[in-house]
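Please read the structure below before turning to the comments.
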Amino acid sequence: MSVQAQNRRITVPQIKAHKGGEPVVCLTCYHAHTARLLDSHVDLMLVGDSLGMVMHGLETTLGVTLEMMITHGKAVMRGSKHALVVIDMPFGSYEESPAVAFRNAARVIQETGATAVKLEGGARMAQTIHYLTQRGIPVMGHIGLTPQAVNVTGGFRTTGRTEAEWPALEADAQAVAEAGAFAVVLEGMAEPLAARITAQIAIPTIGIGASPACDGQVLVMEDMLGLNPNPPKFVRQYAQLGPQIEAAVTAYAADVRGRRFPGAENVYSMKKAL
Ligand code: KIV
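If you count by our numbering, then the sequence shown holds residues 15 to 288, one letter each, in order.
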């Protein structure tokens, strides 16, 4: 039996089978240690381009490159063996044409070993989603608030607040599903619209600041762990790691300043004792 067969990951059809059933548990993940901690508890880990802001201190996701996504994607793959790993296509790597999108997405899949990619955009990206899925690359869609369009929209605003916006967003969801995406992220979307879309389309909807009616939820892991001092309003925090890290570092700094730290001789005497 091959190593791959023993360590079988959750598959795209298994995620699709969640439609209307048990919610899909997703979190973003950007590095190997956290991937190991998350792996058996989530169905899907997203190496999101939010890593530009979270890991690299960028203002928006627009400065994220394919190389950054591949580097973090490899780390998450090394740290995990169970969850499905999806990697975001960064701004500028897929919009030009389906062929360019395929070349870059194939690189992501080949170099990281991840299963699928995610890209932003509804009806306007349907042709590309179809092109990729027909050529062996599973795609997760992403509609509603699409952070890569921040310069066009003028900010990170909730979508679908007025009913006049609904038909275009419903058409986006339908187009993404019909193009062959296996799931779609609904980000920053008014609750009744996200619930309507979830009832209308045949693939799982993964909400973030959307609706509990969605087929699953994704959060940025650092937001829910309390590492972001200004998390989005909708985020429930399950830990306060920011203050805990600060307390630990304060204690560490006091130890070092008081010369309460082991030197090489301690390691030597520990070895002798063994
Ligand atoms: O980049 C990201 O983390 C995302 C999620 C917020 C869905 O796209």
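C-beta: ideal position from N, C-alpha, C; glycine also.
As the structure is a prediction and not an experimental result, all values here were calculated from the model.
How would you call residue i, buried or exposed, if buried means at least 16 neighbouring beta carbons within 10 angstroms?
i: Gln-162; result: buried
i: Met-15; result: Its pLDDT being 49, under 50, Met-15 is placed unreliably in this model, and the value from its coordinates should be taken loosely. Exposed, by the Cβ-count rule.
i: Ser-107; result: buried
i: Val-263; result: exposed
i: Ala-261; result: exposed
i: Ile-123; result: buried
i: Lys-247; result: exposed
i: Gly-135; result: buried
i: Ser-225; result: buried
i: Ile-222; result: buried
i: Gly-35; result: exposed
i: Tyr-252; result: exposed
i: Ile-101; result: buried
i: Ala-195; result: buried
i: Gly-155; result: buried
i: Gly-277; result: exposed
i: Gly-66; result: buried
i: Leu-51; result: exposed
i: Ile-259; result: exposed
i: His-32; result: buried
Do residue j and residue i count as a contact pair if the criterion is CB distance below 9 Å?
i: Ala-128; j: Val-166; result: no
i: Gly-85; j: Pro-104; result: Sequence check: residue 85 is Thr here, not Gly. No, the pair does not count as a contact, with Cβ atoms beyond the cut-off.
i: Ala-197; j: Ile-29; result: yes
i: Gly-202; j: Thr-172; result: yes
i: Ala-187; j: Thr-147; result: no
i: Gly-158; j: Gly-174; result: yes
i: Ala-137; j: Ala-189; result: yes
i: Val-153; j: Ala-130; result: yes
i: Leu-255; j: Leu-233; result: no
i: Cys-43; j: Met-238; result: no
i: Gly-230; j: Val-68; result: no
i: Ala-227; j: Ala-209; result: yes
i: Gln-141; j: Ala-193; result: yes
i: Gly-87; j: Thr-48; result: no
i: Phe-116; j: Ile-143; result: no
Could you tell me whether the Cβ of residue i comes closer than 9 Å to any Cβ of chain C?
i: Leu-65; result: The displayed structure is made up of one protein chain only, and chain C is not part of it.
Contiguous alpha helix (DSSP H) assignments of at least 4 residues, all confined to the segment 105-175: Within the segment 105-175, the complete alpha helix (DSSP H) runs of at least 4 residues are 112-126, 140-148, 164-167.
Quick one: any contact between the segment 86-104 and the segment 49-62, if contact means 3 or more CB pairs under 8 Å? Enough Cβ pairs lie closer than 8 Å, so yes.
Continuous alpha helix (DSSP H) assignments of at least 4 residues falling wholly in the segment 39-92: 46-52, 65-68, all fully within the segment 39-92.
Return the chain-ordered ranges of every beta strand (DSSP E) run that is complete within the segment 219-250 and spans a minimum of 3 residues. For the segment 219-250, whole beta strand (DSSP E) runs of length 3 or above, ordered along the chain, are 219-222, 230-233.
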